[in-house]
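S.K.:
In our numbering, the protein residues as written are 1 to 547.
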């Protein structure tokens, strides 16, 4: 508050609250939202926010979100001396990490919330990483003009750091988990957006989120970008549109604002085409004599995908055993993903060796029906969570259906090969390093071999279920397009297996030279101390996610 007053704020105060409401119920607290008001010619208000809490008492929170709050304060200093068309409100929210408690309280209790015309949140801008736009909640999107302006000014300033990871946000919109204090404003019908840097490369929510890892350069660029937007709105006014209804897809150097109705319609068309393709393929199934029929082709392919999923994790398991560490990949997640890719190829080669002994049905319908039915199931299940999420299996189903319809072997092969890519892209989305590093918290619950085995089995099950439509799709392509079958016979040659083995061993040796931990990324220990005043008994328990 003293800093805002020193800048000449017309009013600087704390909006207090004594109850924090969350999914766990109501908690008594003594907290509040720090507010600095700088009047403009109009009562219409622009809110600039950061949050002042961290994810825990042992977590400094230098990037998340001291960097954002510092940038907010610097913008307050700059705008304190400029002419203002709109009133400006510089706000430091508390309780963000506990479920946006401060911002939710603010939008419900700030007396002039109806005067707020725009809200920009600054949550983590101190890391050499992409600056990510958070622009939606489960039900609302920021207006298109706000997103376009952010990218336009970023391009004008020559920063080339602004990103919108479409596939990550498809998951996040459905499942939740990542967000910031702009969200209650969006849900209130107020144009709002958040700027966040360091999702992949900053040790947020850990004791290593320290000042020494802060990038002042990125803070400066982020502040200049937001300042440029504020100058436009203060000079030209804020557009009237308050919300959008689209899915943003940033690709090939540009941005597509796909109408939400088109996303829903795509899934609907895919379902209709999938049902049609199912019966189309069924009518053209091969007539095979009972004595010549091959049984259990589907179960054999199921065994293939289990083998391949296990192989994908084998490289990590080998490095764990060699290094004697649970998380040898913590510093270099991207490099270990390449190892997983090599091991997956090796798993495919091993699976192909089984085709020398195992017979498979020559009837394409055996495979197409399983692929179509699984994809229909995925579309319906994911649609229950989010129509945006359902579009990934829907696109796969759409491409597979077209592959079933087209007579050209070349086009059929191309469509079948491309069909699983949307589902692959969702699985391997843009912030995978963040999810992996966040997952190490589960290590505190893995205390013995049985729990480790259960954890691995659960991960394998997810991989198997998600990629089962892909293996049935590829099997359909192989039995319908002769050259693909010949190509697989070439791939399963011993020479290819030897090359893959050399690649896995060589790359594994290369990875071995990299450290698992450094000053930024470390294993963690929890210390639990108890003392019983009645008995005088005490205990000290050390639990580590690595140890």
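Every residue gets a Cβ at the ideal spot worked out from N, C-alpha and C, and that includes glycine.
One question on the structure: do residue 419 and residue 394 come within less than 8 Å of each other, judged by their Cβ atoms?
M.R.: Going by C-beta atoms, residue 419 is not nearer than 8 Å to residue 394.
S.K.: Which residue from 33, 5, 310 and 232 puts its Cα closest to that of residue 343?
M.R.: Nearest option by C-alpha distance: 310.
S.K.: Closest by CA to residue 229, which one among 250, 251 and 147?
M.R.: The residue with the shortest Cα to Cα distance from residue 229 is 147.
S.K.: If I measure Cβ to Cβ from residue 328 and keep anything under 7 Å in the same chain, skipping five residues before and after, which residues do I get?
M.R.: Within the same chain, residue 328 has close Cβ partners 319, 320 and 516.
S.K.: My parser needs the alpha helix (DSSP H) runs of 4 or more residues fully inside the segment 22–88; what are they?
M.R.: Whole alpha helix (DSSP H) segments, 4+ residues: 68–79.
S.K.: With a CB to CB cut of under 6 Å and the five nearest residues on each side skipped, what residues in its chain are close to residue 113?
M.R.: Taken in chain order, the residues that qualify are 107.
S.K.: Could you name the residues of the same chain whose beta carbon sits closer than 6 Å to that of residue 16, not counting the 5 residues immediately before and after it, in chain order?
M.R.: Answer for residue 16: 32, listed in chain order.
S.K.: Under the three-state reduction of DSSP, which class applies to residue 530: helix, strand or coil?
M.R.: Here residue 530 sits in strand by DSSP.
S.K.: Taking the straight line between their C-alpha atoms, what separation do you get for residue 57 and residue 477?
M.R.: The alpha-carbon atoms of residue 57 and residue 477 are separated by roughly 56 Å.
S.K.: Under the assumption that residue 88 contacts residue 40 (Cβ atoms under 8 Å), give the Cβ distance between them as a whole number of angstroms.
M.R.: Right, their Cβ atoms sit about 7 Å apart.
S.K.: Does DSSP put residue 411 in a helix, a strand or coil?
M.R.: Of the three classes helix, strand and coil, the one that applies to residue 411 here is helix, per DSSP.
S.K.: Give the straight-line distance between the Cα atoms of residue 426 and residue 534, rounded to the nearest whole angstrom.
M.R.: So the alpha carbons of these two residues sit roughly 55 Å apart.
S.K.: For residue 196 and residue 124, which I take to be in contact (beta-carbon distance under 8 Å), what is that distance rounded to the nearest angstrom?
M.R.: Right, the Cβ-Cβ distance comes to about 5 Å (below 8 Å), so this counts as a contact.
S.K.: Quick check: the Cα distance between residue 105 and residue 59, rounded to an integer number of angstroms?
M.R.: Taking the straight line joining both Cα atoms gives about 24 Å.
S.K.: If you check the beta carbons only, do residue 434 and residue 526 fall under 8 Å apart?
M.R.: No; because the gap between Cβ atoms is not below 8 Å, this pair is not in contact.
S.K.: What is the DSSP secondary structure of residue 427, reduced to helix, strand or coil?
M.R.: Correct three-state label for residue 427: helix.
S.K.: Quick check on this structure: which residue in 484, 431 and 493 has the alpha carbon closest to the alpha carbon of residue 129?
M.R.: The candidate whose alpha carbon is nearest that of residue 129 is 431.
S.K.: Using 8 Å as the threshold, is the C-beta distance between residue 391 and residue 260 below it?
M.R.: Cβ distance not < 8 Å, so residue 391 and residue 260 don't count as in contact.
S.K.: Tell me which same chain residues have a C-beta within less than 6 Å of the C-beta of residue 238, skipping the five on either side of it?
M.R.: 117 and 118, listed in sequence order.
S.K.: State the DSSP-derived secondary structure class of residue 503, mapped to helix, strand or coil.
M.R.: Three-state DSSP puts residue 503 in a helix.
S.K.: Count the other CB atoms, across all protein chains shown, that sit within 10 Å of the CB of residue 191; report buried if there are 16 or more and exposed otherwise.
M.R.: By the neighbour-count rule (16 or more Cβ atoms within 10 Å), residue 191 is buried.
S.K.: Run through DSSP, which three-state label would residue 365 get?
M.R.: Residue 365: helix per DSSP, three-state reduction.
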